[in-house]
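Chains as they are written, first to last, in this note's numbering: chain A, 15 to 360; chain B, 39 to 493.
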C-alpha cells in the first residue's frame, strides 16, 4: 500500500513539473526571447488560462504527501524551512507578475511585472532543481527523523550539507536548462512568426548544453550517492528509464528540425517525466535519505500513515484525480492552437 | 511562553488572518454573481449582465490574491507545525488534500471559462461556468472548515501506538456535526461580506451620482442578500454554533463570556472588560439570565464558569477571546439592524433617495471583514490550549527544529510581502470601481490572464 502511494505522489509531482514546468520555463525566457510588448503579451496569453491550474498540481501533490506520508511532509517542510518560504514568496511575485501586468498599459508598470514574473520564474526553477538535488543527496536527518538545513554551509555534499552545495547547484542549472527548454518548446507550439523563429534558434543552441548537463548530472549523482544505483542493479529492467530520457532528448532535436512542434514538446515532457521517474526509482523505498547515518533515512515504512487512512484515501483520491484529469483535458482542448494578439479563448 | 512557540502561532495567525480577507469576498460574491446572471437571463435586461461582468472583474483580482496568500497556508502545516502534521496527517490531510483534488482543479478550470468564455460559451453556458466557480469556491471552504472542525471536535479517528491519528471513516470526518454547523456559519458570514461590499459600491455610485442604474442594482441585490445572510448568521447558524460549543467546549464558552464562576441564571455581558486578577468584569452592562436562556432555553439553568476547569485547560488568552467574541456578536447584531432598515426603505421604495442610509451602507463595508476575522479568532483562540481539542496541546505541535529567529525572519518577510500585495490589490480594485460597470469606453480586448487584465 505504501508503494502505491509512493507512486501516486511521484506521479503527481511529475504532473506538476511537466505542466507548471512549461509556464515556469516560459517565464524564464520571458525577457530574453520575447522582446516587444506585443510578444510579451503573447507569452502571457499562452500561459494565462492554464498556469493556475498547473500550479494546483503542486498543491494537490503536497496535500497527498501530507495525507499518505505525514512524517516526510512534516520533516522536509520544516527542515527546508528557509528555502520553502522563499519559494512561497517567489510564487506570490510570479503570480502577480503574470496577472497584474495586463491590467495597465503603462510601460513602467509592464516592465516591473515582466521583471517580477521572469526573475521569480528563474529563481523558482533554481529552487525546485536544488530541492530535487537535496532529496537525491540526502539531508542530515537526526534519529528523530527531523533536520534543519541551512541555505548553504561549505558548498560540499558531506554529512552536514546546506541546501546549496556544488551538487545541488548543478541540479539547479540542469533544471534551468531542462525547464527553459520545455518552456521554449511550449511557446513554439503556441506562437508564430518572429517570436517562434527566435525560440527555435534558442532551442537549437540550448539542446547541446542540455545533453551535456544531463550527462554530467547523472555522473555527479552516482558520485555523490552511489547507492542510488542499487535498484537498477537488482532490477535491470529499470534501465529502460534512462533510455526514455535519452529518447526524449533525441526527440526534441529531431522534431524541432522536422517541424513537428507538438512532438518536440511531447519529447520534452517525456524527458522530464522519465528523469523524475528515474530519480523516484533510484530513491525507492526511501522518501528522504539521510546524508549521515542511513538508519535515519525516512522510508515508506516509517513515514506511511495508518493502514486505514491509506486504504480510505485510495477511493477519494482515485475519484478526485480522475475528475481533475478530465478538467485538465477539457481546458487544454479548448485552449489548443496558436495564440494571437487579443485572441485568448476564442 | 516559549518564544519559538509564540512566533509560530503568530506566524500562522498573521498569514491566515490576512489570507481570509480575500476568500470571504470571493465566496460571498460568487453566489451573488450567479444571482445577477440569473436575473439577466430571466429579465433579458443587459444591465444585470453588465453588473455581473463588473463583479466578475472584482472577483478575479480578489481570487488571485486569495490564491497567492492561500498557497502558504497549505505549506505552513509542515513548515511551522511539523509535529502536529506528523501526528494528525492521516486524518486532517484528508480534507486538506481533498480541497486540492476536488475544488482547486474545479475552480482553476472553470475560472478561465468564467473570466474569458462569455462570448464563446453563450449566456447559458457562461451561467454554468459561474455556477461551477461558485461550487468550487464553496467546496474549498467546506474542506478547510472540515480540517478546522476536526481540530475543534475530533471524530472518526483512531490513535496508533506512536501517538499518531488515522481516519476510521471517510464520511465521519466530512460529516462532523461541528464542521457542518461551523460551515454554514462561515459561509453566511462570507455572504454578509459580499452583500455589504456590493451594497457599498452601489451606494457610492448613487451618492456620487455615477452609474446610477448599476448602483441601484448593486444596492438592491446587496441589501436583500445582506438582510437574509445577516439574519441567518444569528439564527439559526450562530445560535446552533453557540449551543454546540457550550456542550462540547464548555471552558471556551465560559471564557468567551468571561464567566469566572458557575452561575445559575447566568447573565449575558454586553459590554465590560474582564479583569483576570480579580476574576470579575469591569464596567459591566449585562442582561440578566440571558446567557442561561441562550444556551439552555431556560433562564434558571446553571452555566459552568471557568472555576470548573483546571487553569491549564483554560483558553490561553481569555481577554482576547472575550473581546473577539463580543466584537463578532455585537457587529452581527448591528448588521441585522443596518440591513433591516435598508430593506424596509427598499420595500417602501424610498431607499435610493435616502442619502443618510446610502452613507451608512457605503461606510459599513469594513465591518463584516472585522466580524468575520473576530469570528475566526473566537474559534481558534477558543480552541486553545489545544491543537486537537482535548487530545493534543499546542505546545506539542510546533516545529521544534525551526528556531525562533528563523520564524521571525519569515514572519517579517510575509508582512512585507503582504503589505506590497495590499497596495497592488487596493490600487487595482479602486481602478475597477472608478471605471465602473459600463462596457462602453472599455478597450475591446479580451482578458489575457485569470485576474481579468486585458491583453
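The beta-carbon is built from N, C-alpha and C at its ideal position, and this holds for glycine as well.
By the Cβ test, the region 37-44 of chain A is in contact with the region 189-204 of chain A, since at least three Cβ pairs between them sit closer than 8 Å.
According to the DSSP assignment, residue 318 of chain B belongs to the beta strand (DSSP E) that extends over 318-325. Within the model, the alpha-carbon separation for residue 221 of chain B versus residue 253 of chain A is close to 51 Å.
Contact annotation: in the region 65-76 of chain A, residues whose CB is within less than 9 Å of a CB in chain B are 65, 66, 67, 68, 69, 70, 71, 72, 73, 74, 75, 76.
Contact between residue 20 of chain A and residue 255 of chain A does not hold, since their C-beta atoms are separated by about 16 Å, which reaches or exceeds 8 Å. Not a single C-beta of chain B is nearer than 8 Å to the C-beta of residue 328 of chain A. Among the residues of chain A, those whose CB is under 8 Å from the CB of residue 121 of chain B are 88, following chain order. The Cβ-Cβ distance between residue 47 of chain A and residue 216 of chain A falls below 8 Å. Within the DSSP secondary-structure output, residue 197 of chain B pairs in a beta bridge with B:203. Using beta-carbon distances, residue 331 of chain A counts as an interface residue toward chain B, with a partner under 8 Å. Interface criterion met: the Cβ of residue 110 of chain B is under 8 Å from a Cβ in chain A. A direct Cα-Cα distance of roughly 42 Å separates residue 462 of chain B from residue 289 of chain B.
The Cβ atoms of residue 211 of chain B and residue 129 of chain B lie closer than 8 Å to each other. Counting of Cβ neighbours within 10 angstroms places residue 116 of chain B among the buried residues, the total reaching 16 or more.
Short of 7 Å from the beta carbon of residue 139 of chain A, and not among the five residues preceding or following it, lie these beta carbons of its own chain, in chain order: 38, 42, 189, 190, 193. Take residue 377 of chain B, set aside five residues on each side of it, and the residues of its chain with a beta-carbon closer than 7 Å to its own are 261, 264, 265, 268, in chain order.
Relative to residue 139 of chain B, the option among B:295, B:178, B:316, B:169 whose CA is nearest is B:178. In terms of CA proximity to residue 45 of chain B, B:449 leads the group B:453, B:449, B:197, B:397. Within the region 143-176 of chain B, the residues whose Cβ lies closer than 9 Å to some Cβ of chain A are 143, 144, 145, 146, 147, 148, 149, 150, 151, 153, 154, 155, 157, 158, listed in chain order.
Here residue 181 of chain A has 147, 151, 171, 234, 238 as same chain residues with Cβ atoms under 7 Å from its own Cβ, once five neighbours each way along the sequence are excluded. Residue environment for residue 63 of chain B: buried (at least 16 other C-beta atoms within 10 angstroms of its C-beta). Put simply, of A:210, A:294, A:214, A:95 the residue whose alpha carbon is nearest the alpha carbon of residue 436 of chain B is A:95.
Here residue 431 of chain B is bridged, per DSSP, to B:424. Contact between residue 205 of chain A and residue 352 of chain A holds: their C-beta atoms lie close to 6 Å from each other, under 8 Å. Residues of the same chain with a CB within less than 8 Å of the CB of residue 134 of chain A, apart from the 5 flanking positions on each side, are 41, 104, 105, 107, 108, 111 in chain order. Residue 99 of chain A has a beta carbon lying within less than 8 Å of a beta carbon in chain B.
The three-state reading of DSSP puts residue 69 of chain A in helix, counting H, G and I together. From the listed residues A:327, A:121, A:153, the smallest Cα separation to residue 306 of chain A is found for A:153. As the crow flies, the alpha-carbon of residue 176 of chain A is around 34 Å from that of residue 136 of chain B. If you draw a straight line from the Cα of residue 285 of chain A to the Cα of residue 80 of chain B, it is about 52 Å long.
Residues of chain B with a Cβ closer than 8 Å to the Cβ of residue 344 of chain A are, in chain order, 147. Residues of chain A with a Cβ closer than 9 Å to the Cβ of residue 439 of chain B are, in chain order, 89, 92, 93, 95, 156, 158, 160, 161, 162.
Here the region 290-308 of chain A does not lie against the region 92-110 of chain B, with fewer than 3 beta-carbon pairs under 8 Å apart. Put simply, the region 399-414 of chain B touches the region 357-372 of chain B. At least three CB pairs are less than 8 Å apart. Chain B places a beta carbon closer than 8 Å to that of residue 78 of chain A, counting this residue as a contact. Pairing residue 271 of chain B with residue 232 of chain B, the inter-Cα distance amounts to about 14 Å.
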